[in-house]
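*Asks:* Residue numbers for the sequence shown follow my numbering, beginning at 1 and rising by one. Glycine included, each C-beta is placed from N, C-alpha and C at the ideal position.
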Amino acid sequence: MKKFTKVMALAMSAAMLACVPVSAAETITFGTNAEFPPFEFIAAEGVIDTFDGIDMAIAKQIAEENDMEAKIENMEFDSLLVALQNGQIDAVIAGMTVTEERKEAVDFSTPYYTATQVMIVKEDSDIAKAEDMADKRICVIQGYTGETCVNELGYDYEAFKKGTEAIMELVNGKCDVVVIDSATAQQYVSDNEGLKIVEDPEAFASEEYAIAVQKDNTELLDKINTAIEKMLEDGTISELAATYAEADGEAE
Ligand code: ARG
């Protein structure tokens, strides 16, 4: 009996040892702001917990490619880079545009998506180009590149915390135009009646989305870049973009 117990104990500790690497799978904690469809939004069943969207699927695959687990921390867009610098999160995936200013604070991965700012207006609006906004009530989202663009054009604006809040202002006639990223604008226009998109490529340059890591975190950046480059090459990212745009079209 005694011998049996000993053998059992040995077998059990061996089994426990064998389990250690599995249960201790390393995690990559991605920070995001899940207010930016089709890139990140809350869903009943998302790809990572309740988080769904193109970026969330990309984050999951980056982790999987590296035998790691992806975790999401949802916070205000404005807080993401500070949280990254503080080490609260390992990376930011949030449809984040690479800008010179942000590059001073963090390092960016290989870009994975090209976007541009557009104007969302009521269907009967006479706004046809960016300069038509001069005497209009403009809404932007706080900290987004759309805010920077309107600032640079020199126009007054009101800034909201969430895209949906700005869209409500527009729908309710309290503002005339919302400046926001193209794919997200598409989503809002198909979700709300009576809105349309106005583009002005001369006023709004194209932007590239990339994942941010702490400066000089080359180990993580390499992992992320290898996975992203693979997903760009094998068409995964364009498929994801199409799937999430389509899902929206069908829901109409
Ligand atoms: N591309 C814009 C920027 O970098 C907006 C990103 C907003 N993303 C979000 N997850 N809320 O400023």
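Can you tell me whether Ala166 is buried or exposed, with buried defined as 16 or more other CB within 10 angstroms of its CB?
*Replies:* buried
*Asks:* Out of Ile197, Glu158 and Ala210, which has the shortest C-alpha to C-alpha gap to Gly143?
*Replies:* Put simply, of Ile197, Glu158 and Ala210 the residue whose alpha carbon is nearest the alpha carbon of Gly143 is Glu158.
*Asks:* Whole beta strand (DSSP E) runs in the stretch 163-199 with 3 or more residues, listed along the chain?
*Replies:* 177-181 and 195-198
*Asks:* Between Met168 and ligand 1, is there a pair consisting of the residue's CB and a ligand heavy atom that are separated by less than 7 Å?
*Replies:* no
*Asks:* Indicate whether the contact test is met: 3 or more Cβ pairs, each with one atom in the stretch 115-130 and one in the stretch 64-74, closer than 8 Å.
*Replies:* With the cut-off at 8 Å, the stretch 115-130 and the stretch 64-74 do not touch.
*Asks:* Compare the beta carbon distance of Asn151 and Val171 with 8 Å and say whether it is the shorter of the two.
*Replies:* no
*Asks:* Answer yes if the stretch 48-62 comes into contact with the stretch 91-98, meaning at least three C-beta pairs across the two stretches below 8 Å, and no otherwise.
*Replies:* yes
*Asks:* Are the beta-carbon atoms belonging to Phe108 and Ala212 less than 8 Å from one another?
*Replies:* Yes, the pair counts as a contact, with Cβ atoms nearer than the cut-off.
*Asks:* Looking at ligand 2, does it come within less than 7 Å of Glu35, judged from the CB to the closest heavy atom?
*Replies:* Ligands displayed in this structure: ligand 1; ligand 2 is not among them.
*Asks:* Give the DSSP-derived three-state secondary structure of Thr32 in the structure shown.
*Replies:* Looking at Thr32 - three-state DSSP - the assignment turns out to be strand.
*Asks:* Taking the C-alpha atoms as reference points, what is the distance between Lys223 and Asn33?
*Replies:* 22 Å
*Asks:* Between the C-alpha atoms of Leu232 and Asp132, what's the straight-line distance to the nearest angstrom?
*Replies:* 37 Å
*Asks:* Less than 6 Å between C-beta atoms, sequence neighbours within five positions excluded: which residues of the same chain meet that for Ala130?
*Replies:* Asp200 and Ala203
*Asks:* Looking only at DSSP bridge pairs, what is Thr27 linked to?
*Replies:* Partner(s): Glu69.
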